[in-house]
Amino acid sequence: MENKDREVLKMRNIHKTFPGVVALSNVDFTLRAGEIHALMGENGAGKSTLIKVLTGVEEFERGQIFIDGIDGPVINKSPQEAQMNGISTVYQEINLCPNLSVAENIFIGREIKKRGRIDWKAINKRAKEILANFNIDIDVTKQLSNYSVAMQQMVAIARAIDISSKILILDEPTSSLDEMEVERLFEVMRKLKSQGTGIIFVTHFLEQVYAVCDRITVLRNGGLVGEYKVENLPRVQLVAKMMGKEFDDLASIKKPANESEIKEKREVLIEAKELGHSGTIKPFNLTIHKGEVIGLAGLLGSGRSELARAIYGADKADMGELRVKGKKCHINAPIDSMKVGMAFCPENRKEEGIIADLSVRENMILALQAKRGMFRLIKRKEQEELTDKFIKLLQIKTASRETPIKQLSGGNQQKVILGRWLITEPDFLILDEPTRGIDVGTKTEIQKLVVDFASKGMAVMFISSEIEEMLRTVNRMAVLRDGYKVGELEESELSQDRIMKVIAGGETNA
Amino acid sequence: MHKELFKKLTKLRLFWPIVCLLIVLLVNLIKTPTFFNISINSNGVLYGFLIDIINRSSELIILAVGMTLCVAASAGTDISVGSVMAITGAVACYALGTGGSYNMPYFLAFILAVFVATLCGAWNGFLVAKLKIQPMVATLILYTAGRGIAQLITGGNILYIKVDNFKYLGSVFPGVPVPTPIFVAILVVILTSLLLKKTALGMYIQSVGINAKASRLLGLNSTFIIFLAYTFCGLCAGIAGMIATSRIYSIDANNVGLNLEMDAILAVALGGNSLAGGKFSLAGSVIGAITIQALSTSLYSMGVSADQLPVYKAIVVVIIVALQSKEFKKFVKHVTQKLILKDAGEKVAQ
Chain A
101 MENKDREVLK
111 MRNIHKTFPG
121 VVALSNVDFT
131 LRAGEIHALM
141 GENGAGKSTL
151 IKVLTGVEEF
161 ERGQIFIDGI
171 DGPVINKSPQ
181 EAQMNGISTV
191 YQEINLCPNL
201 SVAENIFIGR
211 EIKKRGRIDW
221 KAINKRAKEI
231 LANFNIDIDV
241 TKQLSNYSVA
251 MQQMVAIARA
261 IDISSKILIL
271 DEPTSSLDEM
281 EVERLFEVMR
291 KLKSQGTGII
301 FVTHFLEQVY
311 AVCDRITVLR
321 NGGLVGEYKV
331 ENLPRVQLVA
341 KMMGKEFDDL
351 ASIKKPANES
361 EIKEKREVLI
371 EAKELGHSGT
381 IKPFNLTIHK
391 GEVIGLAGLL
401 GSGRSELARA
411 IYGADKADMG
421 ELRVKGKKCH
431 INAPIDSMKV
441 GMAFCPENRK
451 EEGIIADLSV
461 RENMILALQA
471 KRGMFRLIKR
481 KEQEELTDKF
491 IKLLQIKTAS
501 RETPIKQLSG
511 GNQQKVILGR
521 WLITEPDFLI
531 LDEPTRGIDV
541 GTKTEIQKLV
551 VDFASKGMAV
561 MFISSEIEEM
571 LRTVNRMAVL
581 RDGYKVGELE
591 ESELSQDRIM
601 KVIAGGETNA
Chain B
9 MHKELFKKLT
19 KLRLFWPIVC
29 LLIVLLVNLI
39 KTPTFFNISI
49 NSNGVLYGFL
59 IDIINRSSEL
69 IILAVGMTLC
79 VAASAGTDIS
89 VGSVMAITGA
99 VACYALGTGG
109 SYNMPYFLAF
119 ILAVFVATLC
129 GAWNGFLVAK
139 LKIQPMVATL
149 ILYTAGRGIA
159 QLITGGNILY
169 IKVDNFKYLG
179 SVFPGVPVPT
189 PIFVAILVVI
199 LTSLLLKKTA
209 LGMYIQSVGI
219 NAKASRLLGL
229 NSTFIIFLAY
239 TFCGLCAGIA
249 GMIATSRIYS
259 IDANNVGLNL
269 EMDAILAVAL
279 GGNSLAGGKF
289 SLAGSVIGAI
299 TIQALSTSLY
309 SMGVSADQLP
319 VYKAIVVVII
329 VALQSKEFKK
339 FVKHVTQKLI
349 LKDAGEKVAQ
């Protein structure tokens, strides 16, 4: 504490590859005593890999790690070893035993013993003291499951800190907490900071970074973008750094505004009024017109997928109302929204899209079959005709229509899913990250198709992490941040710097 | 060329189940030359080992049909079918009464008993599909309670039915040379496969079994489909229970369908169906059921006593399951490929 800038952790030139991908290339990271250091980056930037390398979950190929108080480079081979070297980690999912008491959870594996027997009195007393340190006063003999997730989180931190308090890693600890609980966590973090602990804080909530952090390290595509002091890095810059665009370069790119005035003549297709799903997306208003492509922008976890899922009924909306073509709709399950003309390509193709063992034909026909009902089996000949038609239209590369879909490449699987929905002739098509993990050629094809559908009168909702891709395809954009819909941009306002400003929030008129 | 044909054959889904059945039958032919003889006995009914095997396997075939759908839709098994058979028999016998004539028309009692069995299936379906209890645990409830319920209905007695036509379902209709259970089993198999092929139910069950999440997002009601599979399994158990009760024209709640649930699960597995759910073959399960019965019958014909039977059965089952395992299939594929290469090499040399 006497030396505030003492470096407790130095990672230098860390290099790590997974088969076929470079996960980390020459990444440096420095943590000082008594600071809260945010580790930021979009999905796949390398945040979790860096943490895993540090805590010994993954090995790394090149580079060195230095920890204050230990001579020479340290290589942690397991999380236990990392803990002995002073690094404690608290994960998003709490790794405690809900059916044991709070005190047991804090001391499990390192019980205080007296004459060979566990000294419960001492354990309970110590546990109470440790928690009191965080201004928490609870009954430590009660089962952990009696307490809220936030409190469990604190117990996990208390345990971690009691084992070693040099370096604490908090990996997205706030994603399941509400605002009050987050504030409570922050208090604890500040307290630890004042006691000299170095904290690595992984999160994707921008607000929180600016609320508690001192420094920010940004990673992108496995590389280090840079380390910044919070006060020197405005939000917009941070977003630009995470997404990989220099803010100044972007200002010049501007898409010419066109025909957005026609919008008034357009028919309203879908109206969401104060629609929301508790826990994932706060109530929002949104109007979607026939023949338009509406984009949803926001960082990961901002609620863009959740907004789409609430409209479609993938996660049943528990507040607000939805009107389709002016009529109020009650959507309990996806089949209800399908019946009013919606279609939904989920973000997670493998887990929520394809039926792996079934053939291309069956995968394509299933949604229409579900819509028609069990007893009106689509005739085999009609099935084959429809499948062949869309294999041709979407240029799907498959050995035959009877090939199991799992044998197709990712891009072709995605096209089959697209075909599945086009067969149902929807009025409103939701595409959640339709181009993720797909080669560039297919990507462009899908973008072209989207524009094409819209020109034929279909409304399309397009969600993507790539802003450039959205700029190419969408007419209008809704922006989300931390579960709130924070803005809407008309065609004339669409530009990368503008979008980033809204995503970043706070300083909208910078 | 015939080697390529062989390769194609081994790729067929039902290849290995059929091979296993053939091996069992072949061993019989060698050990007992009269095994395939079919004659007509003094009552004018077809008689012989083969007829006996198919007749005795009828209940198992019917159970296996229902079990296949449970496994496919939920990757779980219904272990209560044996107990449900006992409940069915108890309900039927109680309704018909033990007097010289029926208390109610046989037809009505049959419908009532099978309906109760279907309700049992629906209860299992409710627990598994709606409350999302693990299938093994959910059906364990009726597995243990079922025979007790049957005992409650029969008052703890073995109820004998004295009216002669009660025996028809489990033996033969007068003047028909083929045992009735065979007809019932065939009927159940045909009707079920029609239901699966002529409606979209077959595709739905596979889709839900492979990926329930994706199935929901494309408009299927996964919960209802799993519920339906278990309800159907109950219906099958009911029909099997009626046959089993009719065979001994009485209900013995402790012994009807005893351990049959395990044979039914085994039949599904022997039929080349993955117990992890998803794609399934009804024909495979039927072949599996016949294989199991063929095995028991042939072991009996070789003079193995009833109490030693499980040991021999287990040995053969291990061999069959190993034959159908992925690792063994890989090995066969490897060998056939080598043979084809060798074949091609020889041709080039010539």
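From first to last, the protein sequence lines are chains A and B.
Position 422 of the first sequence, counted from 1, bears residue number 522 in the numbering used here, the numbering being contiguous throughout.
Position 314 of the second sequence, counted from 1, bears residue number 322 in the numbering used here, the numbering being contiguous throughout.
Every residue, glycine too, gets a C-beta built ideally from N, C-alpha and C.
With DSSP as the reference, label P356/A as helix, strand or coil.
-> With a pLDDT of only 38 at P356/A, under the threshold of 50, the placement of this residue in the model should not be trusted; the figure read from the coordinates follows. Reduced to three states, the DSSP call for P356/A is coil.
At least one CB of chain A closer than 8 Å to the CB of I218/B: is that the case?
-> Cβ-Cβ to chain A under 8 Å: yes for I218/B.
Would you tell me roughly how many angstroms separate the C-alpha atoms of T126/B and A123/A, rounded to the nearest one?
-> Those two C-alpha atoms are separated by around 55 Å.
Thinking C-alpha only, which one of N49/B, K287/B, I62/B and L120/B is nearest I194/B?
-> With distances taken between Cα atoms, I194/B lies closest to I62/B.
Cα-Cα, which of L202/B, Y168/B and I190/B is closest to C101/B?
-> The alpha carbon of C101/B has as its nearest neighbour, out of L202/B, Y168/B and I190/B, the alpha carbon of Y168/B.
Output the distance between the C-alpha atoms of L458/A and I70/B, rounded to the nearest integer angstrom.
-> So the two alpha carbons sit approximately 26 Å from each other.
Once you ignore the five residues that flank M342/A on each side, which residues in its own chain have a CB closer than 7 Å to its CB?
-> The answer, listed in chain order, is M140, G141, E142, V318 and R320.
Across which residues does DSSP place R155/B in a beta bridge pair?
-> BP columns for R155/B are empty, so no partner.
P182/B and S82/B: beta carbons closer than 8 Å?
-> No, they are not a contact pair.
Roughly how many angstroms lie between the CA atoms of I190/B and G217/B, to the nearest whole one?
-> Cα to Cα, the separation comes out at about 30 Å.
Comparing alpha-carbon positions, which option in V73/B, T188/B, A121/B and Q345/B lies nearest L202/B?
-> Checking every option, the nearest Cα to that of L202/B belongs to V73/B.
Name the two residues that bound the continuous alpha helix (DSSP H) containing E485/A.
-> For E485/A, the enclosing alpha helix (DSSP H) starts and ends at R480 to L493.
Is D349/A helix, strand or coil when you go by DSSP?
-> Reliability of the predicted coordinates at D349/A is poor, the pLDDT of 41 falling under 50, and the value obtained from them is presented with this limitation in mind. Here DSSP, grouped into helix, strand and coil, assigns D349/A to helix.
Looking at the structure shown, is N126/A part of a helix, part of a strand, or coil, going by DSSP?
-> Three-state result, N126/A: strand.
Output yes or no for whether 8 Å exceeds the beta carbon distance between A94/B and R21/B.
-> In this structure, R21/B does not lie closer than 8 Å to A94/B by Cβ.
For E374/A and H430/A, the rounded distance between their alpha carbons | Between the C-alpha atoms of H430/A and E374/A there is a straight-line separation of about 14 Å.
Could you tell me the boundaries of the alpha helix (DSSP H) in which N36/B lies?
-> First-last of the alpha helix (DSSP H) with N36/B: F23 to K39.
Chain-order list of residues whose beta-carbon lies under 7 Å from that of L13/B (same chain, five-residue window excluded) = No residues qualify anywhere along the chain.
Since I believe R576/A is in contact with I394/A (beta carbons under 8 Å), could you give me their beta-carbon distance rounded to a whole number of angstroms?
-> Yes, I394/A and R576/A are in contact; Cβ-Cβ is about 5 Å, under 8 Å.
For a contact meaning CB atoms closer than 7 Å, what does K287/B contact in chain A?
-> Contacts between K287/B and chain A, judged by CB atoms closer than 7 Å, involve D457 in chain order.
Could you name the residues of the same chain whose beta carbon sits closer than 7 Å to that of T617/A, not counting the 5 residues immediately before and after it, in chain order?
-> An answer regarding residue 617/A cannot be provided, because it is not within the stretch 101 to 610 covered by chain A.
Report the residues of the region 466-498 of chain A with a CB closer than 7 Å to any CB of chain B, ordered along the chain.
-> Within the region 466-498 of chain A, the qualifying residues are L466, A467, Q469, A470, K471, M474, F475 and L477.
With burial defined as no fewer than 16 other Cβ atoms inside 10 Å of the residue's Cβ, what is the status of V255/A: buried or exposed?
-> Residue environment for V255/A: buried (at least 16 other C-beta atoms within 10 angstroms of its C-beta).
Chain A within 8 Å of Q214/B, Cβ atoms only | Contact with chain A is found for Q214/B, since one of that chain's Cβ atoms lies less than 8 Å from the residue's Cβ.
Would you mind giving the Cβ-Cβ distance between I690/A and I223/A, rounded to the nearest angstrom? I have them listed as a contact below 8 Å.
-> An answer regarding residue 690/A cannot be provided, because it is not within the stretch 101 to 610 covered by chain A.
Whose C-beta lies closer than 8 Å to the C-beta of L148/B among residues of the same chain, with five residues either side of it excluded?
-> These residues qualify, in order along the chain: I87 and S88.
Alpha-carbon to alpha-carbon, R64/B and V186/B | Between V186/B and R64/B, the C-alpha separation is close to 12 Å.
Express the C-alpha separation of T573/A and E566/A in angstroms, rounding to a whole number.
-> Across the structure, E566/A and T573/A are spaced so that their CA atoms are roughly 11 Å apart.
Which runs of the beta strand (DSSP E), 3 residues or longer, sit entirely within the region 164-213 of chain A?
-> With a minimum length of 3 residues, the continuous beta strand (DSSP E) runs that stay inside the region 164-213 of chain A are 187-190.
Does DSSP put H304/A in a helix, in a strand, or in coil?
-> Under the three-state reduction of DSSP, H304/A is assigned to coil, being neither helix nor strand.
Under a Cβ-count criterion, where at least 16 other Cβ atoms within 10 Å of its own Cβ denotes burial, should G587/A be classed as buried or exposed?
-> Buried, since its Cβ has 16 or more Cβ neighbours within 10 Å.
Could you list which residues in chain B have their beta carbon closer than 9 Å to that of E272/A, in chain order?
-> Result: empty, since nearest Cβ-Cβ is about 23 Å, beyond 9 Å.
Member of T305/B, L278/B and L307/B whose CA lies at the smallest distance from the CA of I295/B | Relative to the Cα of I295/B, the nearest Cα in the group T305/B, L278/B and L307/B belongs to L278/B.
In whole angstroms, what separates the C-alpha of A248/B from that of G413/A?
-> Their backbone Cα atoms lie some 42 Å apart in a straight line.
D271/A classed as buried or exposed, judged by whether at least 16 other C-beta atoms fall within 10 angstroms | Burial call: buried.
Helix, strand or coil at K15/B [DSSP, three-state] = Looking at K15/B - three-state DSSP - the assignment turns out to be helix.
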